[in-house]
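Number 50 in numbering that gives the first Met the number 0 belongs to position 51 of the sequence shown; there are no gaps in the numbering.
Yeah, the Cβ is synthetic: ideal placement off N, Cα and C, and Gly gets one too.
Only a predicted model underlies this, so the values are computations on that prediction, with no experimental measurement involved.
Worksheet: one structure, shown below.
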Amino acid sequence: MKPGAPSEAALGELFDLLPEVQAWIKDARHRYLWVNRAFLLNYGLHQLDEVLGKTDHDLSPPHLAAQFLSGDEAVLAGQTVQGRLELIGRFDHTASWSFTTKRQVRDAKGRVIGTAGITRVLDAAQIDQREDIRLGVVISMMTQRLGKAVTNAEMAKAAGMSSRAFERTFLREYGLPPQQYLKRLRIQTACRLLVDTRESIASIAQRCGFADQSHLTREFRRVTGATPAAYRAEYAAANVPSAAVSVLSTQKRKR
Numbered sequence: 000m001k002p003g004a005p006s007e008a009a010l011g012e013l014f015d016l017l018p019e020v021q022a023w024i025k026d027a028r029h030r031y032l033w034v035n036r037a038f039l040l041n042y043g044l045h046q047l048d049e050v051l052g053k054t055d056h057d058l059s060p061p062h063l064a065a066q067f068l069s070g071d072e073a074v075l076a077g078q079t080v081q082g083r084l085e086l087i088g089r090f091d092h093t094a095s096w097s098f099t100t101k102r103q104v105r106d107a108k109g110r111v112i113g114t115a116g117i118t119r120v121l122d123a124a125q126i127d128q129r130e131d132i133r134l135g136v137v138i139s140m141m142t143q144r145l146g147k148a149v150t151n152a153e154m155a156k157a158a159g160m161s162s163r164a165f166e167r168t169f170l171r172e173y174g175l176p177p178q179q180y181l182k183r184l185r186i187q188t189a190c191r192l193l194v195d196t197r198e199s200i201a202s203i204a205q206r207c208g209f210a211d212q213s214h215l216t217r218e219f220r221r222v223t224g225a226t227p228a229a230y231r232a233e234y235a236a237a238n239v240p241s242a243a244v245s246v247l248s249t250q251k252r253k254r
C-alpha cells in the first residue's frame, strides 16, 4: 500500500519515526503491500519497492517464515494475535525476541482482505518480567535452559496452570505443542550461533540441548533444509561488509 491520502501519508511517516518498531500490511495471500523504514532496515533493504509483492519466504529462512505465516493464517481465520513473543529474523540470518501484534484488514464491505502488524524488539533478559506477555515466563524458562531438559509439568507450574490447561493454551498461542516449540527454539538459537560465532558445531549442539553433533545435524536439516555446516558457510558472510566480501571473493579466485 503506497500511502495516497494525506492522512495515510502522515501515518506512514509517523511509523518511519519509530526506529525499534517494525510495521507492515499484507494481502490475503501474505504478500507485502507496505512496510515502514524499520522493517526495511531489519532486512537490509533500502526502498519499499524491494519488498512489495514478496512474502516471508522471500525474506526469511524457512523455519522463521513458517512461523510468521502461521500467525497470519490464524489472524485471517479470526484469531487474535496480541502481544505474542516470537523470534524475528534479520538480514544477517540471526534473530531477536520481539513483541508482535497482528490484526485483520477489511475492505469497505467488511470483508477480510489481509493482515496488518507491528513488532518491536525486547530484551530477552526482561521477558519473564513483562506481565503483558502471555506465557512470557515459560518462554524465558525455555531460553535460559536450552541445554537442559524442560518438562511440560515444569513449564505449567511456572505459568501457574495445570498441565492440560497449559498445553492447550500454549498450542493456541504459538501454534505448536510446547516440546515442539522448544525444539524449534533450539534450532533457531543454533542458527544464530552458527552465523554470529566461530564456535564448533559440536559445542553448539551441546549448548542448544542436542545429544551430539549428529543429533543437531539431523534436526537442523529437517527444519531448515540444510546442514549446520552448509548454513554457516552460506550465511556467515552476511555479517561481512559488502566491500570486504568483494575482496574476499577476488582472493578466492586468485588461489
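- Query: What separation, rounded to the nearest whole angstrom, lies between the Cα atoms of Glu130 and Val104?
  - Reply: About 28 Å.
- Ranges of the alpha helix (DSSP H) found wholly within the stretch 31–62, counting only runs of at least 4: Runs of the alpha helix (DSSP H) inside the stretch 31–62: 36–41, 55–58.
- Apart from the five residues on each side of it in sequence, which residues of its chain come closer than 6 Å, Cβ to Cβ, to Ser245? Per-residue confidence for Ser245 stands at a pLDDT of 36, beneath the threshold of 50, marking its modelled position as unreliable; the derived number appears in the next sentence. So the list is empty, once near-sequence residues are dropped.
- Can you check whether the CB of Thr223 is closer than 8 Å to the CB of Thr216? Not in contact: Thr216 and Thr223 (Cβ atoms no closer than 8 Å).
- Query: Does the distance from the CB of Ala268 to the CB of Val137 come in under 8 Å?
  - Reply: In the structure as shown, the chain starts at 0 and stops at 254, and residue 268 therefore has no counterpart that could be examined.
- Item | C-alpha distance - Ile186 paired with Glu218, whole-angstrom precision | The alpha-carbon separation between Ile186 and Glu218 amounts to approximately 8 Å.
- Message: The alpha helix (DSSP H) that contains Gly135, what's its start and end?
- Response: In the DSSP assignment, Gly135 falls within the unbroken alpha helix (DSSP H) covering 135–143.
- Grouping DSSP H, G and I as helix and E and B as strand, with all else coil, what is Arg197? The answer is coil: DSSP assigns Arg197 none of H, G, I, E or B.
- Item | Distance, Ile200 Cα to Phe209 Cα | Rounded to whole angstroms, Phe209 to Ile200 spans 11 Å at the Cα level.
- Within the same chain, show all residues whose beta-carbon is closer than 7 Å to that of Glu198, passing over the 5 residues directly before and after it, in chain order. Result list for Glu198: Leu192, in chain order.
- Query: Can Gly174 be considered in contact with the ligand GTP, in the sense that its beta carbon sits closer than 7 Å to one or more heavy atoms?
  - Reply: This structure does not include the ligand GTP; it has no bound ligands of any sort.
- Identify the continuous alpha helix (DSSP H) that holds Leu170 and give its terminal residues. 162–173 is the extent of the alpha helix (DSSP H) around Leu170.
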